[in-house]
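This report refers to the structure that appears directly beneath it.
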Amino acid sequence: MRIASWNINSIKMRLEHVRNWLRQHQPDVLLLQELKGLEFPAAEFRALGYQSAVLPQKAYNGVATLARHDIKIEYERLPGDPLDEQARYLETTINGLRVIGIYAPNGNPVESDKFSYKLSWLDRLQERLKLLREDEIPVVIGGDFNIIPESVDCYDPVVWKEDALFRLETRKKWRSILNLGYTDAFRIYNKQAQQYSFWDYQAGAWPQNRGIRIDHFLLSPDVTDRMVSCTIDTIPRGLEKASDHTPVIVEIK
DNA sequence: ATGGCTTTATGCTAAAGA
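Numbering of the first sequence is given in the working numbering, commencing with residue 20 and proceeding in unit increments.
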C-alpha cells in the first residue's frame, strides 16, 4: 500500500500538477494540505479512480484524503477543542488502516497567540495519538507538521533557531509524540543531511537547496514493521508554478 | 527573512505562509 502526502498550496492552482503526479505514481492514498478554498475538484479525481474525503475552509487551510479504496471518515476535527474550527485534521479508515492527514499550525510569530495555538494543537494531537496507541490501532499519520525535527533537517539551524517551526518547545512536542511509540518513517533508513520537503519561494531557496524537512509520516509500531520505504519526491518542486512543498511517499506491505 | 514570492479575498492592499 502506497500512501503519499503533499501540501499543494491551493488545489485550484495545482490541479494539473496533482493529476499528473497521480497518473505517474499511482498511490493508493494521497493526503493533501492547504487546499485554500471551498471548491474541490472531486469529479476530476474520480475520473482517475480516486474517491475523496474533503475538509475545506475558505481562503486558508483545508485538507483532503484521496483513495482508491473506500474511505470511512472517523474525525473531521482534531478532538479536544470544540471552538477550533480550522480545517487541519482528517482521520479516516482505509483498507483496515487508520490514515490521518494533518496540516499543523505554522505558529509564527512566536510572540503571538498563533504560537500558543500551535503548541496546544500539538498537545491535542499527542492526546489523540496516545488514545490510538492505547487501543492498539494501526496508524499512519502524514502531512505538513510544520516541525523541523532536528538540525539536520534544515539548511541553517542558526537561522531557524527562534522560528516557530524549530523552537525547542515545538521540537519537544515532536519528541513527546515519538515517545508514544510512533516512528519518523523517513528517518528509519535515511540519515543523510539536506533531505528537504519545503523550499521558500523567495531568494532562490530551491536552486540553492536551502530547504527544510517539515512534511512527515509517523507510523505506529506494527505499521513501522511493515514499512518498505519512505522517500521524498523532489521533482514536482522544480516544475513551473510549483507548490513550495513536494510529496513524501511511504510504502507499506 | 527587518520578507527578496505566492495565494486568497464583502479584493486593487492586506494577511498568511514558513
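Backbone N, C-alpha and C define an ideal beta-carbon position, used for all residues, glycine too. Note that this is a predicted model, so its numbers are computed, not measured.
May I have the straight-line CA-CA distance separating G200 from E63, to the nearest angstrom?
The straight-line gap separating the alpha-carbon atoms of G200 and E63 is approximately 38 angstroms.
State the start and end residues of the unbroken beta strand (DSSP E) segment that holds A23.
R21 to N26
Beta carbon of A66 nearer than 8 angstroms to that of L49
no
Going along the chain, which residues of its own chain have a beta-carbon closer than 8 angstroms to the beta-carbon of V242, five neighbours each way excluded?
Here the set comprises L116, P157, V158, V159 and I271.
Tell me the DSSP secondary structure of L41 in three-state form.
helix
Rounding to the nearest angstrom, what Cα-Cα distance links S135 and D263 in this structure?
25 angstroms
From the DSSP output, in three-state form, read off G161 for me.
strand
Beta-carbon contacts of D89 that lie in its chain and below 8 angstroms, excluding the five residues immediately before and after:
Q70 and I113
List the whole-angstrom C-beta distance separating V267 from G161, where the pair is believed to meet the contact cut-off of C-beta under 8 angstroms.
7 angstroms
Inter-residue spacing [alpha-carbon to alpha-carbon] between V73 and A224:
31 angstroms
Would you mind reading off the limits of the beta strand (DSSP E) that contains I166?
Unbroken run through I166: none, as it is neither H nor E.
Assign D154 to one of two classes, buried (16 or more other C-beta atoms within 10 Å of its C-beta) or exposed (fewer than that).
exposed
Does DSSP put L258 in a helix, a strand or coil?
coil
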